[in-house]
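Peer 1: Residue numbers (the numbering used here): 44 to 249.
Cβ coordinates follow ideal geometry from the N, Cα and C atoms, glycine included.
Please read through the structure below; I'll follow up with questions.
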Ligand SMILES: NC(=O)c1ccc[n+]([C@@H]2O[C@H](COP(=O)([O-])OP(=O)(O)OC[C@H]3O[C@@H](n4cnc5c(N)ncnc54)[C@H](OP(=O)(O)O)[C@@H]3O)[C@@H](O)[C@H]2O)c1
């Protein structure tokens, strides 16, 4: 997503919703590698960890981040997995000279205690906003699936970067197969950043 949507260059201001999550932390890692200045949201309990990774976190329980981003000249790129109302908010913090809004999920309702909603109309609106004549902003909806030609080579490349130590993936919590129901119940609670991992076998067993 960092390499195939907006072109990230050194010194750009990037805003990432959910810096502390699996995808958010990955975006943070790759945007920092491009020399960007990374802002975003996370629970206060996770601020120390994302600060240590080089980001400037805000809390998502209020909208102070919108005022703060606009006061510093807006974001050149926003990565937003929440969708719905959040895409309007993200659009409103893009840099006046032009920014890029990348949507890649639609969890706004669920994360705020509501029911899932169909996102089709919202995705159409997001894409249409990026086509407004003379508007300097761009938009896209990004997704990956295993049938894409790029999936396997990019996954191999990422594992290569992991093996060589070029990137690190923090593990929020490791579960065993028998603990999967508990993992589903509590995956997003408690302290920690990065990925939740299910261990399917002992090392060397597969
Ligand atoms: N397009 C694709 O191909 C693709 C692929 C994978 C994932 N996704 C999407 O990416 C999103 C994130 O997935 P993930 O695996 O990274 O999830 P995750 O690890 O659970 O991370 C969720 C993030 O959301 C934050 N969060 C929790 N409640 C929130 C709220 N009310 N408002 C704003 N942020 C909140 C969490 O912050 P704290 O933990 O600090 O509270 C955390 O940073 C999902 O929407 C998923 O559907 C899309």
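#1: Give the range of the alpha helix (DSSP H) segment to which residue 170 is assigned.
#2: Spatial neighbours of residue 138 within its chain, please: CB distance less than 7 Å, with the 5 preceding and 5 following residues excluded, ordered by chain position.
#3: Can you give me the C-alpha to C-alpha distance between residue 246 and residue 84, rounded to a whole angstrom?
#4: With distances taken between CB atoms, is the gap from residue 48 to residue 210 smaller than 7 Å?
#5: Taking just the CA atoms, how far does residue 76 sit from residue 52?
#6: Less than 6 Å between the CB of residue 111 and some heavy atom of ligand 1, yes or no?
#7: Using a threshold of 6 Å, is the CB atom of residue 105 nearer than that to any non-hydrogen atom of ligand 1?
#8: Please list, in chain order, all residues of the same chain as residue 214 whose beta carbon is under 7 Å from its beta carbon, the five residues on each side excluded.
#9: Can you confirm whether the stretch 178-189 touches the stretch 129-146 when touching is taken to mean that 3 or more C-beta pairs between the two stretches lie within less than 8 Å?
#10: Measuring alpha carbon to alpha carbon, tell me which of 61, 81, 74, 162 ends up nearest residue 88.
#11: One question on the structure: do residue 81 and residue 57 come within less than 7 Å of each other, judged by their Cβ atoms?
#12: With a floor of 3 residues, list each beta strand (DSSP E) that falls wholly inside the stretch 182-245, ordered by position along the chain.
#13: If you draw a straight line from the C-alpha of residue 224 to the C-alpha of residue 100, how long is it?
#14: For the stretch 46-70, list the beta strand (DSSP E) runs that are entirely contained and at least 3 residues long, ordered along the chain.
#15: Straight-line CA distance for residue 248 to residue 104?
Peer 2: Taking the geometry as given:
#1: Mapped onto the chain shown, residue 170 falls at position 127. Its alpha helix (DSSP H) spans residues 163-172.
#2: For the purposes of this step, residue 138 is identified with residue 95 of the chain shown, where counting begins at 1. Correct list, in chain order: 116, 117, 118, 119.
#3: What you label residue 246 is simply residue 203 of the chain shown in a count that begins at 1. What you label residue 84 is simply residue 41 of the chain shown in a count that begins at 1. Cα-Cα distance, rounded: 35 Å.
#4: What you label residue 48 is simply residue 5 of the chain shown in a count that begins at 1. What you label residue 210 is simply residue 167 of the chain shown in a count that begins at 1. Cβ atoms of residue 48 and residue 210: not closer than 7 Å.
#5: Counted from its first residue, the chain shown places residue 52 at position 9. Counted from its first residue, the chain shown places residue 76 at position 33. Whole-angstrom Cα-Cα distance: 10 Å.
#6: For the purposes of this step, residue 111 is taken as residue 68 along the chain shown, with counting starting at 1. No, Cβ of residue 111 sits at least 6 Å from all heavy atoms of ligand 1.
#7: Numbered from its first residue, the chain shown carries residue 105 at position 62. Here the distance from the Cβ of residue 105 to the nearest heavy atom of ligand 1 is not below 6 Å.
#8: One-based indexing of the chain shown puts residue 214 at position 171. Counting only Cβ-Cβ distances below 7 Å, and skipping sequence neighbours, we find 237, 238, 240.
#9: yes
#10: Numbered from its first residue, the chain shown carries residue 88 at position 45. The shortest C-alpha to C-alpha distance from residue 88 to any of 61, 81, 74, 162 is the one to 61.
#11: Start at 1 with the first residue of the chain shown, and residue 81 comes out as number 38. Start at 1 with the first residue of the chain shown, and residue 57 comes out as number 14. In this structure, residue 57 lies closer than 7 Å to residue 81 by Cβ.
#12: 214-219, 238-242
#13: On the chain shown, residue 224 is found 181 positions in, with the first residue counted as 1. On the chain shown, residue 100 is found 57 positions in, with the first residue counted as 1. If I take the Cα positions, the gap works out to 31 Å.
#14: 56-59
#15: By 1-based counting over the chain shown, the position of residue 248 is 205. By 1-based counting over the chain shown, the position of residue 104 is 61. Distance between the alpha carbons of residue 248 and residue 104: 44 Å.
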